[in-house]
Amino acid sequence: MRKSRSGGNEETPRQNGSSGRRRAEVDGEDADSSLAGLLDEDDENDQGLRREIRSKYRDLISSVQQNREDLLSPSNNKLTEVLEEANKLFKDVRQAREAALDAQLLVVATDLGKEKASQLFSDGNAFDPTAFAEHLLSFMGLNRLEDDRQNEATSDGYLPKDAWHRLAKSTECCFRTAPTFHYMMGSFHAEPPPPKQRVERQRRVPNKEAQRIMPTQLKKMEESHQEATEKEVERILGYLKSYHQDDPSTPISYYEFVVDPNSFSRTVENIFHFSFLIRDGLARMYLDDDKLPCIAPVEEGEVEPAGASTRKQCIISMSPKMWKEIVDNFEIKETMIPPPETQNE
Numbered sequence: 001m002r003k004s005r006s007g008g009n010e011e012t013p014r015q016n017g018s019s020g021r022r023r024a025e026v027d028g029e030d031a032d033s034s035l036a037g038l039l040d041e042d043d044e045n046d047q048g049l050r051r052e053i054r055s056k057y058r059d060l061i062s063s064v065q066q067n068r069e070d071l072l073s074p075s076n077n078k079l080t081e082v083l084e085e086a087n088k089l090f091k092d093v094r095q096a097r098e099a100a101l102d103a104q105l106l107v108v109a110t111d112l113g114k115e116k117a118s119q120l121f122s123d124g125n126a127f128d129p130t131a132f133a134e135h136l137l138s139f140m141g142l143n144r145l146e147d148d149r150q151n152e153a154t155s156d157g158y159l160p161k162d163a164w165h166r167l168a169k170s171t172e173c174c175f176r177t178a179p180t181f182h183y184m185m186g187s188f189h190a191e192p193p194p195p196k197q198r199v200e201r202q203r204r205v206p207n208k209e210a211q212r213i214m215p216t217q218l219k220k221m222e223e224s225h226q227e228a229t230e231k232e233v234e235r236i237l238g239y240l241k242s243y244h245q246d247d248p249s250t251p252i253s254y255y256e257f258v259v260d261p262n263s264f265s266r267t268v269e270n271i272f273h274f275s276f277l278i279r280d281g282l283a284r285m286y287l288d289d290d291k292l293p294c295i296a297p298v299e300e301g302e303v304e305p306a307g308a309s310t311r312k313q314c315i316i317s318m319s320p321k322m323w324k325e326i327v328d329n330f331e332i333k334e335t336m337i338p339p340p341e342t343q344n345e
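Residue 37 in the UniProt record's numbering sits at position 37 of the sequence shown, and the numbers go up by one each step.
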């Protein structure tokens with residue numbers, strides 16, 4: 001109740017219940033946060049607590065450095081305890097100096113843990129096969145005394161009948177193998193299939209007619225080819241005699257006679273066919289004043305049998321490039337030996 005300005009009594013207004021509760025909850029949260037902030041500020045400003053935390057960090061670092069050899073032992077778990085203690089101290093770290101000490105402790109512990117792990121790894125690599133064999137024999141139930149009674153000369157020991165079965169049962173969990181196959185209808189002995197009898201194939205007897213006909217065909221081909229060559233040689237000899245009779249005093253150039261300016265293949269054929277005239281003594285070749293080869297037919301009375309006179313033979317090569325150079329240098333415009341097709345026409 002409060003008094004009004006006019007001096008009368010007046011009731012205070014009643015507040016809503018839900019709004020009052022919300023205001024109370026907000027006030028409580030603000031109070032908790034403000035209390036936590038005050039506690040943090042008190043802890044941060046408490047120099048005695050700060051010095052105590054730094055002192056504990058220094059003690060942990062010193063203990064790790066002094067007991068380094070003991071901490072490296074595989075059976076020593078002191079390093080884990082040191083890290084757990086450091087985690088508890090880290091909850092109260094508020095200043096940079098304390099955080100720096102925590103980082104220093106972590107570096108020292110990390111180096112020590114790394115060295116301890118490498119030492120464990122190197123120790124694990126040291127495998128003694130003799131010791132392993134002894135442990136394995138002991139596990140399998142070795143009994144050397146019983147074997148000594150039976151045979152003193154040997155010292156291999158005595159293994160029970162189920163030794164290997166016992167070892168297999170203990171190690172089967174380490175191997176992933178497919179299950180064995182069991183027949184549902186009892187045992188089954190598969191027999192190999194009987195070998196197949198080889199049937200000898202009859203050799204095909206070649207037909208006698210084919211044997212008789214094939215050489216005949218080849219002979220006919222050779223004869224026809226020989227006849228064509230002889231006809232071409234005679235045709236070239238006819239052109240040589242014709243040119244020589246027209247002007248006996250003028251020598252006939254070898255290149256101008258055999259070279260066809262329009263066909264490289266015809267030039268090669270002319271050289272090939274003209275060589276038969278030289279071989280059979282139907283034509284002769286000599287050098288003129290310019291050391292260029294010239295040709296002339298041999299008269300019938302002057303023809304010598306093959307092999308009677310000494311002849312010099314040589315192999316010449318003719319390339320398309322050389323053929324073009326001869327055509328250009330001798331200015332050959334048309335061939336002196338027309339192709340057989342032109343002659344027939």
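All C-beta atoms in this analysis are idealised placements derived from N, C-alpha and C, irrespective of residue type, glycine included.
I'd like to know if the segment 93-110 and the segment 52-66 are in contact, where contact means that at least 3 CB-CB pairs between them fall below 8 Å.
Yes, since at least three Cβ pairs between the segment 93-110 and the segment 52-66 fall closer than 8 Å, the two stretches touch.
The alpha helix (DSSP H) with isoleucine 295 in it runs from where to where?
One-based indexing of the sequence shown puts residue 295 at position 295. Where isoleucine 295 is concerned, there is no enclosing alpha helix (DSSP H), although the beta strand (DSSP E) it sits in stretches over 293-297.
If I follow the unbroken beta strand (DSSP E) through alanine 286, where does it start and stop?
Looking up residue 286 in the sequence shown gives position 286. For the sequence presented, residue 286 should be read as tyrosine rather than alanine. Here the beta strand (DSSP E) through tyrosine 286 covers 283-287.
Coarse secondary structure for serine 253, derived from DSSP in three states
To locate residue 253, count along the sequence shown from 1; it is residue 253. Three-state DSSP puts serine 253 in a strand.
Quick one, which of Thr250, Asp328, Lys312 and Trp323 has its alpha-carbon nearest proline 297's?
Within the sequence shown, the letter at position 297 stands for residue 297. Residue Thr250 is the option with its Cα nearest to proline 297.
Please identify the residue among Arg94, Arg68, Gln95 and Arg284 whose C-alpha is closest to the C-alpha of valine 82.
Locating residue 82 in the sequence shown gives position 82, counting from the first residue. Considering only alpha carbons, the answer is Arg68.
Among Val268, Asp289 and Pro340, which one has its Cα closest to the Cα of serine 317?
The residue labelled residue 317 in the question sits at position 317 within the sequence shown. That would be Val268, whose Cα lies nearest to the Cα of serine 317.
Per-residue DSSP class, three states only, for asparagine 270
Locating residue 270 in the sequence shown gives position 270, counting from the first residue. Residue state, collapsed to three classes: helix.
So, at 7 Å on beta carbons, what are the nonlocal neighbours of valine 233 in its own chain, with the 5 sequence-adjacent residues on each side left out?
Start at 1 with the first residue of the sequence shown, and residue 233 comes out as number 233. So the list reads His273, Phe276 and Leu277, once near-sequence residues are dropped.
Distance between beta carbons of proline 339 and arginine 266, contact taken as under 8 Å:
Here residue 266 refers to the residue found at position 266 of the sequence shown. Here residue 339 refers to the residue found at position 339 of the sequence shown. With a Cβ gap of about 6 Å, arginine 266 and proline 339 count as contacting.
Quick one, are the C-beta atoms of isoleucine 315 and valine 259 less than 8 Å apart?
Stepping through the sequence shown from its first residue, residue 315 is reached at position 315. Stepping through the sequence shown from its first residue, residue 259 is reached at position 259. Contact: no.
CA-to-CA distance, arginine 284 to glutamate 256, given in whole angstroms
By 1-based counting over the sequence shown, the position of residue 256 is 256. By 1-based counting over the sequence shown, the position of residue 284 is 284. When rounded, the distance between both Cα atoms is 16 Å.
Using DSSP with H/G/I as helix, E/B as strand and the rest coil, what is leucine 142?
Position 142 of the sequence shown, counting from 1, holds the residue named residue 142. Coil.
Taking DSSP as the reference, what is the three-state secondary structure of valine 108?
Here residue 108 is taken as the residue at index 108 of the sequence shown, counted from 1. It is helical.
May I ask you to report which of helix, strand or coil DSSP gives proline 195?
In the sequence shown, the residue the question calls residue 195 occupies position 195. Coil at proline 195, not helix or strand.
Proline 261: beta carbon under 7 Å from a heavy atom of the ligand GDP?
What this structure holds is no ligand at all, so the ligand GDP is not there to describe.
Tell me the residue span of the alpha helix (DSSP H) that contains alanine 163.
In the sequence shown, the residue the question calls residue 163 occupies position 163. Element bounds for alanine 163: 163-171.
For serine 253, tell me which candidate among Asp280, Leu292, Thr229 and Asp46 has the shortest Cα-Cα distance.
Numbered from 1 along the sequence shown, position 253 holds the residue referred to as residue 253. Considering only alpha carbons, the answer is Leu292.
For residue 362, which residues from the same chain have a beta carbon less than 6 Å from its beta carbon, with the 5 sequence-adjacent residues on both sides left out?
Absent from the structure is residue 362, since the part of the chain shown begins at 1 and ends at 345.
Check whether aspartate 102 and tyrosine 57 have beta carbons under 8 Å apart:
Taking the sequence shown and counting its residues from 1, one reaches residue 102 at position 102. Taking the sequence shown and counting its residues from 1, one reaches residue 57 at position 57. Contact flag set, yes.
I need the DSSP call for threonine 335, collapsed to helix, strand or coil.
In the sequence shown, residue 335 corresponds to position 335, counting from 1. For threonine 335, the three-state secondary structure derived from DSSP is coil.
Euclidean distance between Cα positions of glutamate 300 and aspartate 280
Position 300 of the sequence shown, counted from the start, is the residue given in the question as residue 300. Position 280 of the sequence shown, counted from the start, is the residue given in the question as residue 280. Those two C-alpha atoms are separated by around 12 Å.
So for proline 248, helix, strand or coil by DSSP?
As a position in the sequence shown, residue 248 is number 248, starting the count at 1. DSSP places proline 248 in coil when its eight states are reduced to three.
Opening and closing residue of the alpha helix (DSSP H) in which valine 259 lies
Locating residue 259 in the sequence shown gives position 259, counting from the first residue. Valine 259 -> no alpha helix (DSSP H), and no H or E assigned at all.
Backbone secondary structure at arginine 176 - three-state DSSP:
As a position in the sequence shown, residue 176 is number 176, starting the count at 1. Reduced to three states, the DSSP call for arginine 176 is coil.
Looking only at C-alpha atoms, which of Ala133, Glu52, Asn77 and Val199 sits nearest to glutamate 98?
Counted from its first residue, the sequence shown places residue 98 at position 98. Checking every option, the nearest Cα to that of glutamate 98 belongs to Glu52.
Find out if the Cβ-Cβ distance for the pair leucine 137, glycine 113 is shorter than 8 Å.
For this step, residue 137 is matched to residue 137 along the sequence shown. For this step, residue 113 is matched to residue 113 along the sequence shown. In this structure, glycine 113 does not lie closer than 8 Å to leucine 137 by Cβ.
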